[in-house]
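Residue numbers (the working numbering): 43 to 389.
The beta-carbon is built from N, C-alpha and C at its ideal position, and this holds for glycine as well.
The block underneath contains the structure these notes are about, expressed in structure tokens.
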């Protein structure tokens, strides 16, 4: 399969980071994907819509951007099982399901990215996570070239985590996702901004409210390049939380697993004095401190340097270490913030 010509990545990631791409492949089928992986003898990275990706160096690995599309739907009583190609746009899927009367995704409206990337991060917002509706994924194994169905439990979904970020990292690709939705709408209104809606609210109203909230808080990448929430909301033990809340009585928090509390990373960053701050071409959004933005011609090193300043100051102030939600990609593939930072220092 001949790769599409590509010399730069600015249009391939929502942070608009420009780097040289040696080759970009756009497989439209399992056969295409098999051919690419079989014949490729170079580091590569699977790219969705680039909404959660930071290219950290001046060159990327070979990029493979799957374009497997399509939907199939099966009804079983009130349940609706919808299987969707990994290349489909997530928000367009949410809109389609809402319009068809297939419910469960309304709180996940306007999350950027592709359907195939959703299980990797276990995307979530406003009290709902993908794990609430995931039924299975189709997984293409890079070693055997087989496609197998993995049940939701096998995916080991957790807060912004999954088996695809750990044991199966770099070992295959999600080619399709099956969701279990319902024709019966049950509103989930526990989060601020939704809890003011009436009890008899419609799916359309929840969907529109989620979009309105997101648009009021998060900048459009088309206007200000960004990757959405740059850091995960940290999860701490109850004992750590009690110490923090005594010193910071107004600190927001959210329920987490038993014995733990989830903190608001944006609030921590704001309290550390970074909201609206600019460092060269990189900055922190003036309305949402959790969002790092490209203010012009920032490169990966600029974003990393800013992220490290934030992590250092938040840790000094609260003794809480922020972990990036964004995925770091160097010329060899996936990396982490510590390795990326060291590389930048050595260059």
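For residue 243, the secondary structure class from DSSP, reduced to helix, strand or coil, is coil. In this structure, residue 274 keeps its C-beta atom at 8 Å or more from the C-beta atom of residue 149. Contact between residue 61 and residue 100 is confirmed by a C-beta separation of about 6 Å, below the 8 Å threshold. At the C-beta level, residue 371 and residue 182 stay beyond 8 Å of one another. Residue 74 sits in a helix when the DSSP states are folded into three classes. Between residue 197 and residue 176 the beta-carbon gap is near 7 Å, inside 8 Å, which marks them as a contact. Below 8 Å, enough C-beta pairs join the stretch 351-361 and the stretch 305-318 to call them touching: three or more. About 5 Å separates the beta carbons of residue 178 and residue 193, which is inside the 8 Å limit, making them a contact pair. Between residue 146 and residue 204, the C-beta gap is not smaller than 8 Å, which leaves the two residues out of contact.
Distance between residue 80 and residue 211, taken at the CA atoms: about 18 Å. The Cβ neighbour count for residue 279, taken over all protein chains shown within 10 Å, is under 16; the residue is labelled exposed. Contact between residue 200 and residue 110 fails: their C-beta atoms lie close to 26 Å from each other, not under 8 Å. DSSP assignment within the stretch 202-288 yields the following whole beta strand (DSSP E) runs of 3 residues or more, N-terminal first: 214-224, 268-271, 277-279. Every unbroken stretch of the alpha helix (DSSP H) spanning 4 or more residues and falling wholly within the stretch 118-173 is given here in chain order: 132-142, 160-163. Non-local C-beta neighbours of residue 352 in its own chain, meaning closer than 6 Å and more than five positions away in sequence, comprise 311, 316, ordered along the chain. A straight-line Cα-Cα distance of about 6 Å links residue 154 and residue 93. Here the alpha carbon of residue 56 sits roughly 6 Å from the alpha carbon of residue 263. The beta carbon of residue 336 sits closer than 6 Å to those of 57, 58, 267, all from its chain and outside the five residues before and after it, given in chain order. Note: residue 180 is bridge-paired with 191, 218 in the DSSP secondary-structure output.
Under the 10 Å beta carbon count, residue 228 is surrounded by fewer than 16 other beta carbons and is classified as exposed. Per DSSP, reduced to three states, the secondary structure at residue 337 is coil, with no helix or strand assignment. Residue 318 sits in coil when the DSSP states are folded into three classes, being neither helix nor strand. With respect to the C-alpha of residue 290, the residue from 305, 189, 331 having the closest C-alpha is 305. In the three-state DSSP reduction, residue 356 falls in the helix class (H, G or I). When beta bridges are read from the DSSP output, residue 343 appears opposite no residue. Under the 8 Å Cβ criterion, the stretch 234-242 does not count as touching the stretch 331-347, having fewer than three qualifying pairs. Annotation note: the stretch 52-121 contains the following uninterrupted beta strand (DSSP E) runs of length 3 or greater, listed N- to C-terminal: 86-88, 95-97, 104-106, 113-118.
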